[in-house]
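Numbering (full-length UniProt numbering), first residue to last: 1 to 240.
And the structure:
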């Protein structure tokens, strides 16, 4: 078995406008790395934190939960806040949820969220982990995936905590006062279309919503990624 470690965060120093770029649940910094480099090429400072346990085998992943991931995200934001006056947030799925939560708690310059769920259930989260775990195992080992690892997922208490986190974030959307753009892919599950509209309707600040014909859930690597990157850049350049 290949020994793996948590992927390193990515920090790209640029100008005085910093962007905190947040990846998905069970994903890694690689999901948003290309977008991060694109924004850095436009002059921005970019920080992409790596959530604990992500990119690791399931037996390591389940040692962490959303409290640990949020701690990493908030610490990353505060690190930027100490050094930069202008901070924008860009997040995909779970990263979008964390971006919303940060904007509910802090005054941020701009908010860009993609593929954000407005609700999940514990079984759905565990199902996602049961898809992720064998794929990750295949990367690091030639041995068959141990059936006992499914029990680790069934016993994962972090799933119910995740559900409660989402509820809390969605219930506090009216606290957001940052200019916001909400993006979703037409090829994503219909629940994400509904969620995007709900978030748009709930936020009271200046807001925009857009969708992309050839994008699925992971919008940052979709066929429409170039248009998405351009639209994100256009929004960041606006004097909101």
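Quick reminder that beta carbons are idealized off the backbone N, C-alpha and C, glycines included.
Note that the structure is predicted; figures quoted are calculated from it, not measured.
Going by DSSP, what residue range makes up the alpha helix (DSSP H) through residue 106? Premise fails: residue 106 is in no alpha helix (DSSP H) and is neither H nor E.
If I measure Cβ to Cβ from residue 11 and keep anything under 7 angstroms in the same chain, skipping five residues before and after, which residues do I get? 47
If you count every other CB in all the chains shown that lies within 10 Å of the CB of residue 110, and 16 or more means buried, which is it? buried
Buried versus exposed call for residue 234 [16 or more other C-beta atoms within 10 Å across all chains shown]: exposed
With DSSP collapsed to three states, give me the class of residue 98. helix
Measuring straight from C-alpha to C-alpha, what distance separates residue 40 and residue 151? 42 angstroms
Just how far apart, CA to CA, sit residue 213 and residue 222? 10 angstroms
Curious, which full-length beta strand (DSSP E) runs of at least 3 residues does the stretch 186-214 contain? 207-212
Inspect the beta-carbon positions of residue 19 and residue 97 and report whether they are closer than 8 angstroms. no
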